[in-house]
Every structure is written in structure tokens, then in C-alpha cells.
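**Q**
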Amino acid sequence: AAKDTRCPACGVAALAPGMQRDVLLALAKQSILAKLHLPARPNIPQPPSRGALLTALRRMRAQRSDTTAFPGMLPARSAGMGLQEYEILSFAESGSSTSHSVHLHFRFSQEVAGSTEILQATLYLFWAAPGPGAQPVTVRLLQPNPTGPNMTVTSETRLEVQRSGWTTLDVGPAVQSLFGQEIPRLTVELEVPEGWESPVPSDHSDSHWPFVVAQARARTPHRVHRR
Amino acid sequence: GIDCGRDSRMCCRQEFFVDFKEIGWEDWIIQPEGYHMNYCAGLCPLYMAGVPGLAASFHTAVLNRIKAASAAAAVDSCCVPTQRRPLSLLYYDRDSNIVKTDIPDMIVDSCGCT
Chain A
6 AAKDTRCPAC GVAALAPGMQ RDVLLALAKQ SILAKLHLPA RPNIPQPPSR
56 GALLTALRRM RAQRSDTTAF PGMLPARSAG MGLQEYEILS FAESGSSTSH
106 SVHLHFRFSQ EVAGSTEILQ ATLYLFWAAP GPGAQPVTVR LLQPNPTGPN
156 MTVTSETRLE VQRSGWTTLD VGPAVQSLFG QEIPRLTVEL EVPEGWESPV
206 PSDHSDSHWP FVVAQARART PHRVHRR
Chain B
3 GIDCGRDSRM CCRQEFFVDF KEIGWEDWII QPEGYHMNYC AGLCPLYMAG
53 VPGLAASFHT AVLNRIKAAS AAAAVDSCCV PTQRRPLSLL YYDRDSNIVK
103 TDIPDMIVDS CGCT
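Read top to bottom, the protein sequences are chains A and B. Each residue of the first sequence is one higher than the one before, counting from 6 in the working numbering. Each residue of the second sequence is one higher than the one before, counting from 3 in the working numbering.
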């Protein structure tokens with residue numbers, strides 16, 4: 006630094022320009038990570054396939070153009086009170102499967118789950134071309150059982166799949182109850198009668214891979230009122 | 003507010019762009035490619051205290067002259083952001099989910115003296 010050049014406001018010696026840049030870049034990184042509640046930048050194990058990502062973004066846009074807030078859930082754009090909002094797109098991970106059922110897992114990061122509340126969450130399932138006539142499918146939402154190794158069923162929906170295409174299911178309450186847990190992971194079980202084919206695409210890279218879209222909002226900071 | 007020029011000494015807004023590729027974050031931040039963080043720098047002598055930036059009206063300038071004349075406690079004030087904008091980010095979290103969020107108050111739009 007030039008001799009005796011000090012910051013007039015705080016008295017700290019002025020930084021050499023090169024060092025100033027490094028300090029500012031470090032400040033920018035620290036500021037972004039802090040606001041995203043991330044201890045460090047995330048390492049991406051395997052990003053979703055481009056096809057699945059583009060299809061999901063298209064579906065979300067189509068759904069938003071005619072969606073209405075689900076009853077019982079806070080409408081997505083309720084008075085935001087200036088709180089930071091998140092939109093999370095989570096693609097399914099394949100779980101265990103049998104000849105007539107398949108498990109899909111959807112993980113949510115601790116950082117987001119720990120600091121937000123769910124406004125809305127929707128499960129998107131694409132049915133490949135079912136056989137002639139309606140195909141019965143049972144969709145169960147499972148959660149880890151805190152007292153034992155099994156999973157507990159939190160909701161069950163029976164669908165009659167008439168033709169191939171996307172179906173959506175409101176999973177808001179299930180995801181909301183997950184957000185308070187140690188491992189925020191939603192498990193979906195799809196079951197068809199014996200002899201029927203699995204209704205969802207078989208491989209991960211298929212652009213019609215199941216996904217969940219969740220809208221969350223930062224929790225209002227806990228205010229302690231002193232009298 | 004005022005943008006800093008080459009020889010600005012008074013309180014102004016200094017442009018500063020953070021290129022995510024330069025800091026090796028382009029693999030987990032999908033959009034944007036960087037962001038205009040900007041920051042405030044410069045002097046805030048007593049008679050400039052309390053005005054947004056330097057674009058002060060005539061009335062404020064007269065008031066400042068009076069303040070400077072009184073110079074009760076001849077201390078400088080600080081050059082701080084007076085207007086900021088959110089930063090919209092689309093990024094992968096560590097479970098490879100895609101998250102979109104608007105982080106409030108991340109981009110400094112203008113500066114002024116406290």
C-alpha cells in the first residue's frame with residue numbers, strides 16, 4: 006500500500022489492489038454460502054440428465070400456467086413478507102423393486118430443509134403406454150418409522166391409468182413433515198397388480214423420469230417477545 | 003448515488019463483478035454466470051453526512067454548509083449501500099437437486115453517507 010494511506014472510515018491500511026480483489030472475491034463466496042446456509046460449496050455427485058432436466062422444466066412451466074394453490078397448503082405466493090423463497094426440483098433415485106412394485110426416493114438437503122417451511126410440493130409421474138383398458142396403480146408415500154426399521158405409510162392413492170402421460174400428486178403435507186426430520190427423504194412406492202408392467206420408465210436417463218417440485222420459504226426468524 | 007470514476011475520492015459505488023468460472027463455481031451454479039456484487043468506497047466528510055450519494059439538492063447543500071460550520075464533532079461518517087437488489091440463483095445442492103432462490107440484498111445499486 007502507498008505509504009500511510011488509511012481508510013478514512015475505519016482506519017485500516019488500504020489494501021494493495023491485487024489483494025483487494027482477493028479479499029472481495031472471498032467476501033462474495035462467503036456471503037453467497039452464508040445466505041444459502043451452505044457450510045461449503047456442494048460437490049455434485051451426478052447432475053440429472055439434460056433430457057430429464059429440460060422435460061421437468063417444461064412440465065413445471067405448463068403446470069404453473071394452470072395450477073391453483075392446493076387446498077390446505079399455504080398458497081405459493083402468499084404474503085411473502087420479503088422472506089427468501091426457494092423452488093426445489095428433486096429427481097427420483099431408484100430404490101428397491103419387485104415384479105409388481107418399485108420404490109423411488111427423493112432427497113432434500115439438510116440446509117434447505119432445516120431453514121424453510123414448505124408452501125407446496127407436487128410429485129410428477131409419467132405413465133408409459135399402459136396396456137389396453139385402465140391400469141390400476143397404487144401410490145403410497147412412505148416415511149422412516151422412528152421406532153423401527155420399517156417404513157410407515159403416510160398416504161395411499163389408487164389411480165386408474167387410462168393412457169400414457171403425466172400425472173401429478175400433491176405431496177405437500179408429506180414433504181412438510183419430512184422437513185423436520187434428521188434425513189429429509191421422501192419414499193414413494195408404486196404398486197401394480199401381479200402380471201402388469203411397471204408404469205414408470207425403467208432407466209434413470211429417461212427424459213420422463215419422476216420428480217418432485219417443492220416451493221419453500223425461509224422460516225420467519227423466531228422472535229422472542231420480552232415484556 | 004454516484005458511480006466511482008478513476009480518481010473519485012468522495013463516497014461512490016465501485017463496480018465489482020464476480021465471475022463464477024473464475025472462482026471455480028460454474029459446475030454447481032447453473033445460472034447466472036456471475037454477479038455484480040459492487041461495493042461502496044470514498045470519503046464522507048461531516049458536511050456530506052446523511053445525504054444519499056452526492057447528488058444532493060440545493061437545499062441539502064445549504065444544510066450541509068450549516069452542518070460543516072457547526073462542526074460540533076468533527077468526525078467523518080461512513081460510505082454505505084443505500085440501495086440493494088436480490089441475486090437470483092439456480093444451483094445444484096449436494097443431493098443434485100436443482101434449487102432456485104432469490105437472495106435478498108446481494109447487489110449494491112447505490113451508495114451514500116450515513
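Even glycine gets a Cβ: it sits at the ideal position worked out from N, Cα and C. Keep in mind it's a predicted model, so treat the numbers as computed, not measured.
Within a Cβ cutoff of 7 Å, which residues of the same chain sit near A:A81, ignoring the five residues on either side of it in sequence?
**A** Bear in mind that a pLDDT of 43 at A:A81, under 50, signals an unreliable position, so the number given afterwards is only what the model happens to contain. Excluding residues within five positions, the ones whose Cβ falls inside 7 Å are A74, L124, Q125, Q220.
**Q** Are the C-beta atoms of B:S112 and some chain A residue less than 9 Å apart?
**A** It does not; no Cβ of chain A falls within 9 Å.
**Q** Could you work out which residue in A:S120, A:E165, A:V217 is closest to A:R224 when comparing CA atoms only?
**A** Residue A:S120 is the option with its Cα nearest to A:R224.
**Q** With distances taken from CA atoms, which of B:Y94, B:I68, B:L45, B:H61 is nearest A:L58?
**A** B:Y94
**Q** Report all residues from its chain with a CB closer than 8 Å to the CB of B:G7; omit the five preceding and five following residues, and keep chain order.
**A** These residues qualify, in order along the chain: C14.
**Q** Relative to chain A, which residues along the region 80 to 95 of chain B have a C-beta separation below 7 Å, given in chain order?
**A** Listed in sequence order: C80, C81, Y94, D95.
**Q** Return the residue from the list B:S90, B:M39, B:W30, B:I4 that minimises the CA-CA distance to B:R96.
**A** Minimum Cα distance to B:R96 is reached at B:W30.
**Q** How about A:H108 and A:S102: are their beta carbons less than 9 Å apart?
**A** yes
**Q** Please state whether DSSP places A:A84 in a helix, a strand or coil.
**A** Note on A:A84: pLDDT 41, under 50, position unreliable in the model; no value is reported.
**Q** Could you check how far apart the C-beta atoms of A:E165 and A:P141 are, in whole angstroms? I think they sit under 8 Å.
**A** 6 Å
**Q** Since B:G114 and B:V82 are thought to touch, with beta carbons under 8 Å apart, how far apart are those beta carbons, to the nearest angstrom?
**A** That pair is a contact at about 7 Å.
**Q** Between A:T143 and A:L195, is the Cβ-Cβ spacing less than 9 Å?
**A** yes
**Q** Mind checking A:P53: buried by the 16 CB within 10 Å criterion, or exposed?
**A** By the neighbour-count definition (other C-beta atoms within 10 Å, threshold 16), A:P53 is a buried residue.
**Q** In chain order, what residues of the same chain have a beta carbon less than 7 Å from the beta carbon of A:M156, not counting five sequence neighbours either side?
**A** L147, Q148, P149, N150, T192.
**Q** Any beta carbon from chain A within less than 9 Å of B:N99's own beta carbon?
**A** Yes, because at least one Cβ of chain A sits closer than 9 Å to the Cβ of B:N99.
**Q** Does DSSP classify A:A40 as helix, strand or coil?
**A** A small fix is needed here, since residue 40 of chain A is Lys in this sequence, not Ala. If DSSP states are grouped into helix, strand and coil, A:K40 belongs with the helices.
**Q** How many whole angstroms separate the CB atoms of A:F111 and A:V205, which I take to be in contact at a CB cut-off of 8 Å?
**A** Rounded, the Cβ-Cβ distance is 13 Å, inconsistent with contact.
**Q** Near B:M50, which residues of its chain fall below 6 Å by C-beta distance, leaving aside the five closest residues on each side in sequence?
**A** C115
**Q** Identify which residue in A:E116, A:I188, A:S203, A:L174 has its Cα closest to the Cα of A:V218.
**A** A:L174
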